[in-house]
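The structure appears right after this line, and notes come after that.
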Amino acid sequence: MSLLELDGVKVHFPVRKGVLFDRTVGHVYAVDGISLSVEAGQTYGLVGESGCGKTTLGRAVLRLVDVTDGSVVLDGTDVAKLSEKELRSFRRRLQMVFQDPLGSLNPRQNIESILSEGMAAHGIGANQDERREKIKEILAKVGLPSNALSRYPHEFSGGQRQRIGIARALVLEPDVIICDEPVSALDVSIQAQVINLLEELQESMGLTYLVIAHDLAVVRHISDVIGVMYLGSLVEEAPSDALYAEPRHPYTKALMSAVPVPDPEVEERRERILLHGDLPSPANPPAGCRFHTRCPWAQATRCATERPELTDLGDGHKVACHFAREIAEGTITRAGEEPSAPAAAPAEIPSQATGERAETEASEAETVEDAEPADAAPAADAAEDTEPADAEPADAKAEAGAEVADAKAEAGAEVADAEPEDAKVADAEAADAAATADAAQDAEPADAKAGDAPKA
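According to numbering that gives the first Met the number 0, the stretch in the sequence shown is residues 0 to 455, in order.
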């Protein structure tokens with residue numbers, strides 16, 4: 000059994016209207032049917048664009064917002080069904096690192112007061128001196144000096160304040176820590192420090208993380224399993240490496256194509272998938288698949304009418320898409336994209352050269368049929384059949400056949416025997432009609448011409 004399991008979690012906020020008579024006129028479907036599981040010691044990354052319901056889901060796990068439907072089970076206990084008194088003592092096992100480090104710390108309290116408040120509420124430490132010593136140990140783990148106890152939040156940098164937020168979660172010795180955009184408000188160099196700190200603490204203390212972020216690079220670095228959210232729903236879930244190697248859902252493909260690659264050549268070659276339109280309102284989500292209004296692969300059959308379920312395609316790769324397999328196989332193309340036309344079969348016989356290019360394919364085909372011979376011997380036979388025996392000497396015919404063979408070897412085409420102006424005998428073929436015709440005219444011997452030769 001997993002340490003943390005979510006089954007069909009829904010969080011709907013009522014939309015109220017009226018002054019004298021307050022009535023509910025609709026709902027905002029912030030989270031609508033999320034199911035996932037997190038193993039002990041694992042880091043589960045949750046990504047998606049702004050407004051998809053990531054933070055609301057994290058707050059629902061902590062019961063900071065009420066769960067409309069579904070269950071949140073931590074180590075066999077359904078947090079969604081606990082009373083206020085039971086929940087107060089149970090919250091020690093679930094802690095959160097908030098997105099805004101300054102906004103999450105009380106500016107009127109010093110660091111010792113902030114960190115010891117939760118310890119006193121849960122009965123950790125016999126007295127203040129014992130709690131102070133434990134706080135110093137935690138501050139040392141997050142890289143802060145012990146003299147920080149007497150200072151106030153505004154006296155620290157952004158990265159230091161985030162470390163204080165992490166320390167506040169650690170002093171209660173929780174089982175699961177929910178990190179809501181833990182590094183989004185920090186500089187890049189400070190982000191790396193905080194991420195590495197979270198990984199070190201996980202290894203040393205056996206922590207379990209649910210990391211909420213929209214920075215795909217950060218999530219890939221820290222997560223074991225990644226879930227992708229869109230408009231309150233989970234559309235894809237897979238191990239980190241598998242998801243980045245082969246995203247299967249169209250929305251995940253678009254997200255991954257937006258991640259910059261630090262290689263100019265790769266960045267120039269790779270395909271960028273652009274989504275058109277805005278994120279639909281969670282108060283009025285589309286019917287069927289939530290993503291079909293922006294999906295480049297949307298189909299008219301099921302996408303707009305039937306909501307897809309999260310289906311395992313193998314190796315723990317789950318996708319909520321009716322046509323995930325067809326998209327991966329390439330049998331379904333994007334809107335406006337035409338399947339590549341099959342290459343035309345190469346012609347067995349090149350177009351005929353007669354001194355001028357053929358104007359139409361039909362005339363070329365007819366000429367090719369007339370010029371069927373493909374080697375020197377048939378060409379010589381055709382020349383013999385074309386010219387009467389008494390019109391040319393035998394040695395003239397032999398010389399004409401030899402000239403035809405030499406011209407074919409050099410130009411790759413057959414050279415036609417000369418005829419009178421009113422006769423056209425198409426025995427020569429070449430890839431380039433005009434060049435071959437000129438070469439053929441230069442190669443013809445004068446003694447091979449017969450003025451009284453009949454038409455072929």
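Idealized CB from N, CA, C, for every residue including glycine.
Bear in mind that the values here come from a model prediction, so they are computed numbers and not experimental data.
Pick helix, strand or coil for ALA457, following the three-state DSSP scheme. One cannot answer for residue 457 here, as it falls past the ends of the chain, which runs 0 to 455.
In angstroms with no decimal places, state the Cα-to-Cα distance between ILE165 and ARG271. Between ILE165 and ARG271, the C-alpha separation is close to 37 Å.
Checking 8 Å against the spacing of the C-beta atoms, do LYS140 and VAL170 come in under that value? Their beta carbons are not under 8 Å apart, which means LYS140 does not touch VAL170 by this criterion.
Rounded straight-line distance, which links the Cα of VAL18 to that of LEU35: Computed Cα separation, rounded: 40 Å.
From this set, GLY25, TRP296, ARG130, which residue's C-alpha is nearest GLU111's C-alpha? Across the set GLY25, TRP296, ARG130, the C-alpha of ARG130 shows the shortest separation from the C-alpha of GLU111.
My output table needs one value for MET228: the three-state DSSP class, helix, strand or coil. Of the three classes helix, strand and coil, the one that applies to MET228 here is strand, per DSSP.
Determine the direct distance from the alpha carbon of SER115 to that of GLY474, and round the result to whole angstroms. No information on residue 474 is available, as it lies outside the stretch 0 to 455 that the chain covers here.
For TYR250, which beta-bridge partners are listed by DSSP? Paired residues: none, contrary to the question.
Under 8 Å, do GLY315 and PRO238 count as touching if we go by C-beta distance? Going by C-beta atoms, GLY315 is nearer than 8 Å to PRO238.
Pick out whichever of GLU4, TRP296, VAL72 has its Cα sitting closest to the Cα of TYR250. The option with the nearest alpha carbon to TYR250 is TRP296.
Evaluate ARG162 with the Cβ neighbour count: other Cβ atoms within 10 Å of its Cβ, from every protein chain shown; 16 or more gives buried, anything less gives exposed. Its Cβ being crowded by 16 or more others within 10 Å, ARG162 is buried.
Out of GLU328, ARG333, PHE290, state which residue places its alpha-carbon closest to the alpha-carbon of ALA319. Selected option, being the one with the closest Cα: PHE290.
Please work out which residues of its chain come closer than 8 Å, Cβ to Cβ, to ASN146, disregarding the five sequence neighbours upstream and downstream, and give them in chain order. Once the five neighbours on either side are set aside, ASN146 has no close Cβ partner at all.
Give a yes or no on whether the C-beta atoms belonging to ILE194 and ILE221 are separated by under 8 Å. The answer is yes: Cβ separation under 8 Å.
Let me know the secondary structure DSSP gives SER239 once reduced to three states. SER239: helix per DSSP, three-state reduction.
Identity of the residues DSSP links to GLN94 by a beta bridge: Beta-bridge pairing by DSSP links GLN94 to ILE176.
If you draw a straight line from the C-alpha of GLY40 to the C-alpha of VAL260, how long is it? One alpha carbon belongs to GLY40, the other to VAL260, and they sit about 30 Å apart.
What does the alpha-carbon distance come out to for the pair LEU2 and LEU209? Here the alpha carbon of LEU2 sits roughly 12 Å from the alpha carbon of LEU209.
Give a yes or no on contact between the region 322-333 and the region 294-309, applying the rule of three or more CB pairs nearer than 8 Å. The region 322-333 vs the region 294-309: in contact.
Helix, strand or coil for SER34, going by three-state DSSP, please let me know. When secondary structure is reduced to three states using DSSP, SER34 falls in the strand class.
Taking the C-alpha atoms as reference points, what is the distance between GLU493 and ALA191? With the chain running from 0 to 455 in the structure shown, residue 493 is simply not present.
Determine the direct distance from the alpha carbon of VAL30 to that of ASP6, and round the result to whole angstroms. Distance between the alpha carbons of ASP6 and VAL30 is about 12 Å.
What does ILE272 pair with, by DSSP beta-bridge criteria? Partner(s): none; ILE272 has no beta bridge.
Whole-angstrom distance between THR55 and VAL64, CA atom to CA atom: In a straight line, the C-alpha of VAL64 is about 8 Å away from that of THR55.
C-beta atoms of VAL227 and VAL46 nearer than 8 Å: The answer is yes: Cβ separation under 8 Å.
Suppose only complete runs of 4+ residues qualify. What are the alpha helix (DSSP H) ranges in the region 107-180, listed by chain order? You should have 110-120, 127-140, 157-169.
Rounded to a whole number of angstroms, what is the C-alpha to C-alpha distance between ARG160 and ARG107? Distance between the alpha carbons of ARG160 and ARG107: 14 Å.
PRO345: buried (16+ other C-beta within 10 angstroms of its C-beta) or exposed? Its pLDDT being 35, under 50, PRO345 is placed unreliably by the model, and nothing is read from it.
Alpha carbon to alpha carbon, how far is VAL234 from ILE33? Their Cα atoms are separated by approximately 10 Å.
Continuous beta strand (DSSP E) stretch holding GLN83: start and end: Sequence check: residue 83 is Glu here, not Gln. Under the DSSP assignment, GLU83 falls outside any beta strand (DSSP E), being part of the alpha helix (DSSP H) whose first and last residues are 83-89.
If we ignore side chains and look at the alpha-carbon of each, how far apart do LEU196 and VAL218 end up? Each residue's Cα considered, the two are about 15 Å apart.
For VAL72, three-class secondary structure by DSSP: Correct three-state label for VAL72: strand.
Is it buried or exposed, PRO13, if we count other Cβ atoms within 10 angstroms and call 16 or more buried? Around the C-beta of PRO13, fewer than 16 other C-beta atoms lie within 10 Å, and the residue is accordingly described as exposed.
Alpha carbon to alpha carbon, how far is LYS135 from LYS53? Give it in angstroms, no decimals. C-alpha separation (whole angstroms): 33 Å.
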